[in-house]
Amino acid sequence: MTDKKAQLSVGNKVIELPVYSGSIGPDVIDIRSLAQEGLFTFDPGFMSTASCESKITYIDGANGVLLHRGYPIEQLVENSDFIEVCYLLLHGELPSPEENEKFHDTVKSHTMVQDQIRHFFKGFRRDAHPMAIMCGVVGALSAFYHDNLDFSDERQREIAAFRLIAKIPTLAAMCYKYTLGQPFINPRNDLSYAENFLHMMFATPCEEYKVSPVLARAMDQIFILHADHGQNASTATVRLAGSSQANPFACIASGIAALWGPSHGGANEAVLCMLQEIGDESRIDEYLAKARDKNDPFRLMGFGHRVYKNFDPRAKILRQTCHEVLQELGLQDDPMFRVAQRLEQIALEDQYFIERKLYPNVDFYSGIILKAIGIPLPMLTVIFAVSRTIGWVAHWHEMISESFRIGRPRQLYTGLTMRNHPDTD
Ligand code: ACO
13 MTDKKAQLSV
23 GNKVIELPVY
33 SGSIGPDVID
43 IRSLAQEGLF
53 TFDPGFMSTA
63 SCESKITYID
73 GANGVLLHRG
83 YPIEQLVENS
93 DFIEVCYLLL
103 HGELPSPEEN
113 EKFHDTVKSH
123 TMVQDQIRHF
133 FKGFRRDAHP
143 MAIMCGVVGA
153 LSAFYHDNLD
163 FSDERQREIA
173 AFRLIAKIPT
183 LAAMCYKYTL
193 GQPFINPRND
203 LSYAENFLHM
213 MFATPCEEYK
223 VSPVLARAMD
233 QIFILHADHG
243 QNASTATVRL
253 AGSSQANPFA
263 CIASGIAALW
273 GPSHGGANEA
283 VLCMLQEIGD
293 ESRIDEYLAK
303 ARDKNDPFRL
313 MGFGHRVYKN
323 FDPRAKILRQ
333 TCHEVLQELG
343 LQDDPMFRVA
353 QRLEQIALED
363 QYFIERKLYP
373 NVDFYSGIIL
383 KAIGIPLPML
393 TVIFAVSRTI
403 GWVAHWHEMI
413 SESFRIGRPR
423 QLYTGLTMRN
433 HPDTD
């Protein structure tokens with residue numbers, strides 16, 4: 013914080029507003045006192061508004077930097093597994109070896125879900141979208157775990173965090189099995205978080221699933237790379253829901269609902285739909301021409317990013333992993349993956365994309381990897397939700413641990429002014 017001030021003149025009046033500096037990043041003007049002057053600011057998409065203070069994640073879009081608690085994402089992917097990153101996001105520091113082991117063990121001790129939840133699934137149609145089921149079952153967790161709903165008790169918050177991180181992959185895999193009509197597969201606590209998720213997705217009671225280390229590592233990387241991304245639609249939703257003192261399971265369910273939207277969590281699904289639509293390398297030029305055409309709404313899915321304007325550091329990591337996964341599975345010559353690789357190559361050399369700094373983003377590669385692993389399209393956003401749960405939990409925890417007020421955005425009212433009901437004399 014500094015003693016810098018900004019001045020705002022409205023008519024004849026000059027209002028002084030404090031300016032704060034974060035540890036890095038642009039300064040912010042504190043406009044909270046404006047309401048006392050009878051003024052509000054107008055910023056519908058939060059394009060210029062910080063909705064909270066946070067110490068968890070820093071993003072520098074111009075330079076392709078993503079830091080969690082100060083650590084570059086590249087270093088975390090290289091040196092930590094997802095559960096260690098969960099610890100970091102939640103506690104602010106990397107764990108000691110003892111803390112790390114204890115944290116892993118505690119997460120494992122919560123992987124099963126209450127047996128009654130199995131029956132809850134049966135209320136859904138088999139063809140329901142798994143995100144619809146996820147919104148329902150995660151929200152319903154508060155009906156099953158009454159013992160840790162007091163948000164003001166730090167120990168209860170901790171247990172809720174463990175339950176959410178541990179049970180989310182179990183519930184996600186149950187959604188998949190339910191839509192297939194296959195029995196649910198119990199978690200195996202001798203496996204890592206990523207291995208266990210793949211096991212619950214692909215094993216059956218008659219056949220074990222042998223988890224390939226290459227695929228397990230790719231899955232773990234996808235979890236790490238989607239774990240948190242500062243403020244965004246779903247995280248802001250979780251914070252807003254939490255500000256009303258709603259219980260943690262309800263807050264995370266609200267985040268899942270916000271993530272479901274195609275402008276947020278649905279991008280990697282859109283990449284695969286586009287690749288399927290292109291279908292063959294011979295049609296790439298046609299689609300590139302559509303992407304360049306101002307009169308055509310078509311956009312090359314998986315290219316460009318609202319924040320990262322030079323490169324997406326997460327995409328850089330997953331690009332390499334994507335090649336390893338395709339090689340491991342012998343899919344280099346699969347027609348859809350050939351389209352993906354050719355498209356990436358051509359777009360990177362194309363003037364239109366170079367001038368506009370449109371590079372493949374994380375969703376381009378995560379979509380391809382997940383498809384290669386055998387994850388069906390509707391499950392892609394569910395996997396995003398599994399990864400992002402720790403980010404939501406960390407932000408919810410950060411907010412609750414500090415003094416907070418219920419979020420109450422203002423509005424610019426443009427409706428009718430007061431008038432009389434026609435039956436009023
Ligand atoms: N294909 C073709 N042209 C594009 C693309 C694209 N994928 N993305 C941007 N452009 C063009 C725009 O038409 C515009 O051209 P112009 O200057 O000639 O008018 C220019 O690039 C700038 O585009 P904006 O829409 O202003 O860029 P913005 O930062 O607002 O958009 C976005 C970012 C929404 C991600 C966009 O690049 C896009 O739609 N990409 C495809 C969808 C996608 O992959 N989304 C997931 C990204 S991950 C995330 O944001 C959560």
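Numbering (our numbering), first residue to last: 13 to 437.
We treat Cβ as the ideally placed atom computed from N, Cα and C, and that holds for glycine.
Predicted model, so just to flag it, every value in this text is computed and none were measured.
Of the listed residues the options, nearest to residue i (C-alpha basis)
i: MET274; options: HIS409, VAL394, ARG304; result: The residue you asked about is not Met; residue 274 is Pro in the sequence shown. Of the listed residues, the one whose Cα sits closest to PRO274 is VAL394.
i: ARG295; options: ILE387, THR333, PRO347; result: PRO347
i: ILE41; options: GLN48, THR53, GLU105; result: THR53
i: PHE115; options: GLN128, VAL97, GLU356, PHE136; result: VAL97
i: VAL148; options: GLY73, ALA18, ALA269, SER33; result: Correcting the residue identity first, residue 148 is Gly in this sequence and not Val. Of the listed residues, the one whose Cα sits closest to GLY148 is ALA269.
i: HIS158; options: GLN126, VAL319, ARG130; result: GLN126
i: HIS375; options: MET411, ARG354, ALA359, GLY316; result: Here the sequence assigns Asp to residue 375, which means His is not the residue at that position. Of the candidates MET411, ARG354, ALA359, GLY316, the one whose C-alpha sits nearest the C-alpha of ASP375 is GLY316.
i: ALA8; options: GLN233, MET212, SER399; result: Since the first residue of the chain shown is 13 and the last is 437, residue 8 is not available in this structure.
i: THR69; options: SER35, GLY57, ARG44, SER60; result: SER35
i: PRO30; options: LEU203, VAL22, ASP39, TYR83; result: ASP39
i: PHE209; options: VAL398, LYS16, LYS17, SER415; result: VAL398
i: PHE235; options: PRO390, LEU330, GLU219, PRO372; result: LEU330
i: GLY82; options: ASN280, PHE94, LYS67; result: LYS67
i: GLN423; options: GLY57, LYS16, VAL22, LYS25; result: GLY57
Residue i: CB within 7 Å of a non-hydrogen atom of ligand 1
i: ASP308; result: no
i: LEU100; result: no
i: ASP375; result: yes
i: HIS317; result: yes
i: ALA279; result: yes
i: HIS276; result: yes
i: LEU389; result: no
i: MET313; result: yes
i: ARG368; result: yes
i: ALA144; result: no
i: ALA303; result: yes
Separation of residue j from residue i, as counted between CA atoms
i: TYR364; j: ARG304; result: 7 Å
i: LYS302; j: MET313; result: 12 Å
i: ILE418; j: SER255; result: 5 Å
i: SER266; j: MET231; result: 25 Å
i: LEU183; j: ARG350; result: 33 Å
i: LEU46; j: PRO325; result: 38 Å
i: GLU367; j: ASN75; result: 17 Å
i: GLY37; j: GLU90; result: 25 Å
i: SER413; j: ILE264; result: 17 Å
i: HIS276; j: ASP435; result: 47 Å
i: THR247; j: ASP437; result: 50 Å
i: GLU293; j: PRO142; result: 32 Å
i: LEU192; j: MET212; result: 13 Å
i: GLU65; j: ILE27; result: 23 Å
i: HIS238; j: GLU219; result: 30 Å
i: GLY50; j: LEU428; result: 20 Å
beta-carbon residue i near ligand 3 non-hydrogen atom, thresh 7 Å
i: PHE209; result: Because ligand 3 does not appear in the structure shown, any question about it cannot be addressed here, the ligands present being ligand 1.
ask   = At a cut of 8 Å, does the segment 168-184 reach the segment 121-136 through at least three beta carbon pairs?
value = yes
request  = Evaluate the contact criterion for the segment 188-206 versus the segment 161-168: three or more CB pairs, one atom per stretch, below 8 Å.
outcome  = no
query = Would you call the segment 402-418 and the segment 233-245 touching, i.e. three or more CB-CB distances under 8 Å?
reply = yes
task = Indicate whether the contact test is met: 3 or more Cβ pairs, each with one atom in the segment 214-233 and one in the segment 334-348, closer than 8 Å.
result = yes
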